[in-house]
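Novice: Chains as they are written, first to last, in the working numbering: chain X, 1 to 191; chain P, 1 to 302. Below you will find the structure I want to go over with you.
As structure tokens, this is what we get:
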């Protein structure tokens, strides 16, 4: 009993000191993380509020997504593309999906704008790229209803057709050649 | 001779028939065949039972790939379930994802898949049968309103959650404070310095040690207790100062009688040199008990 007490008395200060150091390290590490995240969040808030903030390639994913969103809603798609490429192959599936969908949405909106003024040719590649973006997003997460819905829109704008064999019930060849059907419910502008 | 050859032939024929029957045994477990929309995944599972000498040829397994312009094969999992009831059994899971965008409910077909099973000397073709299902449209066919052509909104960027890091940081700080407090308590640093000043604790230890000797060191034990009274009062305490001491430290009042006996005994020992009388008045064991009692009083008062 007294041996145990003796042992306890000897081990006690060392144990306390170790616990103290470990706890301080934990506090320092997590505190630094919180502080860095706080700064990142301030930058994200700036971007969401519409003020451009330079973001480098190694910035946290959430900040890169904020910058991507900032660019896509301003139609700066060429600048947004590399960010989306990076996020799409990153570890964070949620960020990858968000990046793919936001960029695809921007392309779909641009295509709809072009179609509203009857510019069909520039709209087609936009729709195709948007379609690919939605498909990649859905491949990562098949439960994304908004992506399904928007993909359905793009599919009706420019339908997919079998590449090699065209079966009898598909549309006639001249339509597949143009890869363009019709635009239900969309104003075509003046005749 | 001829009869024997016929028997062997019949046996081979039986074996071949059994092998063929087993090798053909592919059972497809499919999910509901309706109610799919664009982007849904469909998992087809097939149970394959083979002649025990056969193995599925891994090279014949389909690779994840686009099967059709609207259909992707996303994953292929083959599970070997061992040999049971005279057949080697496999489970083959095929995960497809459909990207067909129908304008009205439409029946589509997932095509058949060919597999091969091999043994040392033969190769058997297997087929996972085709499977058809109905896909449903997600949106109405747009009429006059632009509603159906309005894309769903973006996924908005969200701030990083800092709660966890903050919480862990605070927990770390709290633990560090606790550790520092424990060390301070043990070392008697501020604000635990008062704790160190427990003279009767020290005295009780000395008394116990002194009484434990043989023969008991009665004088040392008495002296230790006197030093404790002195330290507690902050000055020398003699028998005639007892009232003043008890007035200043009322916690010791219940032990007044014993304390008085202690002072009597100590006078006998140190001034009258009557150690025998003193030990009769207050035997060594009683001295240890008294010291323990005083220590307890001190602890209560602290």
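Using N, Cα and C, we set each Cβ at its ideal position, and we do this for glycine too.
Just to confirm before moving on: does the CB-CB distance between residue 213 of chain P and residue 258 of chain P stay below 8 Å?
Specialist: Not in contact: residue 213 of chain P and residue 258 of chain P (Cβ atoms no closer than 8 Å).
Novice: Taking only three categories from DSSP, how would you classify residue 35 of chain P?
Specialist: Coil at residue 35 of chain P, not helix or strand.
Novice: Given this structure, state the Cα-to-Cα distance separating residue 139 of chain X from residue 30 of chain P, to the nearest angstrom.
Specialist: Looking at the two C-alpha atoms, the distance is approximately 21 Å.
Novice: Under three-state DSSP, which class holds residue 156 of chain P?
Specialist: DSSP places residue 156 of chain P in coil when its eight states are reduced to three.
Novice: Tell me, which residues are paired with residue 70 of chain P by DSSP?
Specialist: Beta-bridge pairing links residue 70 of chain P to no other residue.
Novice: Using a 10 Å radius around the Cβ and a threshold of 16 neighbouring Cβ atoms, would you call residue 44 of chain P buried or exposed?
Specialist: Under this definition residue 44 of chain P is a buried residue.
Novice: Quick check: the segment 106-120 of chain P against the segment 128-136 of chain P, are at least 3 beta-carbon pairs closer than 8 Å?
Specialist: Yes, the segment 128-136 of chain P is in contact with the segment 106-120 of chain P.
Novice: If you pair each beta-carbon of the segment 176-194 of chain P with each one of the segment 218-234 of chain P, do three or more pairs fall below 8 Å?
Specialist: These segments do not touch.
Novice: So is residue 34 of chain P buried or exposed if we call it buried at 16+ other beta carbons inside 10 Å?
Specialist: When all chains shown are included, residue 34 of chain P counts as exposed.
Novice: Thinking just about the alpha-carbon of each residue, which of P:74, P:101, P:231 is nearest to the one in residue 156 of chain X?
Specialist: Minimum Cα distance to residue 156 of chain X is reached at P:101.
Novice: Between the segment 50-65 of chain X and chain P, which residues of the former have CB atoms less than 7 Å from a CB of the latter, in chain order?
Specialist: Answer in chain order: 60, 62, 65.
Novice: In terms of residue numbering, what span does the alpha helix (DSSP H) encompassing residue 70 of chain X cover?
Specialist: Segment 61-72, the alpha helix (DSSP H) holding residue 70 of chain X.
Novice: Here's the rule: buried if 16 or more other CB atoms are within 10 angstroms of the residue's CB, otherwise exposed. What is residue 268 of chain P?
Specialist: It is buried - the Cβ of residue 268 of chain P has at least 16 other Cβ atoms within 10 Å.
Novice: Specify, as a first and last residue, the run of the beta strand (DSSP E) that residue 135 of chain P falls within.
Specialist: Residues 131-135.
Novice: Whose Cβ in chain X lies nearer than 7 Å to the Cβ of residue 37 of chain P?
Specialist: Chain X residues near residue 37 of chain P: 148.
Novice: Answer with yes or no whether the minimum CB distance from residue 151 of chain P to chain X is below 8 Å.
Specialist: Judged by the 8 Å Cβ criterion, residue 151 of chain P is in contact with chain X.
Novice: Which chain P residues are close to residue 153 of chain X, counting only those with a beta carbon under 7 Å from its beta carbon?
Specialist: Residues of chain P passing the Cβ test: 149, 151.
Novice: Quick one: which unbroken beta strand (DSSP E) runs of 3-plus residues sit fully inside the segment 217-250 of chain P? Chain order, please.
Specialist: Runs of the beta strand (DSSP E) inside the segment 217-250 of chain P: none found.
Novice: List the residues of chain X whose Cβ lies closer than 9 Å to the Cβ of residue 216 of chain P, in chain order.
Specialist: Going along chain X, no residue has its Cβ under 9 Å from residue 216 of chain P, so there is no contact; the nearest lies around 20 Å.
Novice: Can you pull the chain B residues whose beta carbon is under 7 Å from the beta carbon of residue 176 of chain P, in chain order?
Specialist: Of the protein chains in this structure, namely X and P, none is chain B.
Novice: Label residue 9 of chain X either buried or exposed according to how many other C-beta atoms from any shown protein chain fall within 10 Å of its C-beta, with 16 as the threshold for buried.
Specialist: Residue 9 of chain X comes out exposed.
Novice: Return yes when the Cβ of residue 150 of chain X is within less than 8 Å of the Cβ of residue 139 of chain P, no when it is not.
Specialist: Not closer than 8 Å, so no.
Novice: Flag this pair as yes or no: are the beta carbons of residue 130 of chain X and residue 107 of chain X separated by less than 8 Å?
Specialist: In this structure, residue 107 of chain X lies closer than 8 Å to residue 130 of chain X by Cβ.
Novice: Please list the partners that residue 332 of chain P has in chain X, where partner means a Cβ-to-Cβ separation under 8 Å.
Specialist: Limits of chain P in this structure are 1 at one end and 302 at the other, which puts residue 332 of chain P out of reach.
Novice: Is residue 169 of chain P close to chain X? Criterion is C-beta to C-beta, closer than 8 Å.
Specialist: Interface residue, yes.
Novice: Please confirm if residue 89 of chain X has its CB atom under 8 Å from at least one CB of chain P.
Specialist: Answer no: the Cβ-Cβ gap between residue 89 of chain X and chain P never drops below 8 Å.
Novice: So if DSSP puts residue 157 of chain X in a beta bridge, which residue, or which two residues, is it bridged to?
Specialist: Answer is none; residue 157 of chain X lacks a bridge partner.
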